[in-house]
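Chemist: Each residue of the sequence shown is one higher than the one before, starting from 1 at the first, in UniProt numbering.
Even glycine gets a Cβ: it sits at the ideal position worked out from N, Cα and C.
These numbers were taken from a predicted model, which means no experiment stands behind them.
Structure provided below as structure tokens; questions to follow.
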Amino acid sequence: MDSVAVYHGKISRETGEKLLLATGLDGSYLLRDSESVPGVYCLCVL
């Protein structure tokens, strides 16, 4: 998964939101590890 450009690993939801807001582009997205469920990914979309 590390080779996928949109994957950011173990970051918090808040950090993910900040990264997306910094782009300022509707439709931007990233994948991150779930904070509550091990082995699960979260898709965050702006």
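1) Identify whether Leu-20 lies in helix, strand or coil by the three-state DSSP scheme.
2) Exposed or buried, what is Arg-13 when buried is set at 16 or more other beta-carbons lying within 10 Å of its beta-carbon?
3) Report the partner residues of Asp-33 according to the DSSP bridge assignment.
Modeler: Let me spell this out:
1) Of the three classes helix, strand and coil, the one that applies to Leu-20 here is helix, per DSSP.
2) exposed
3) Tyr-41
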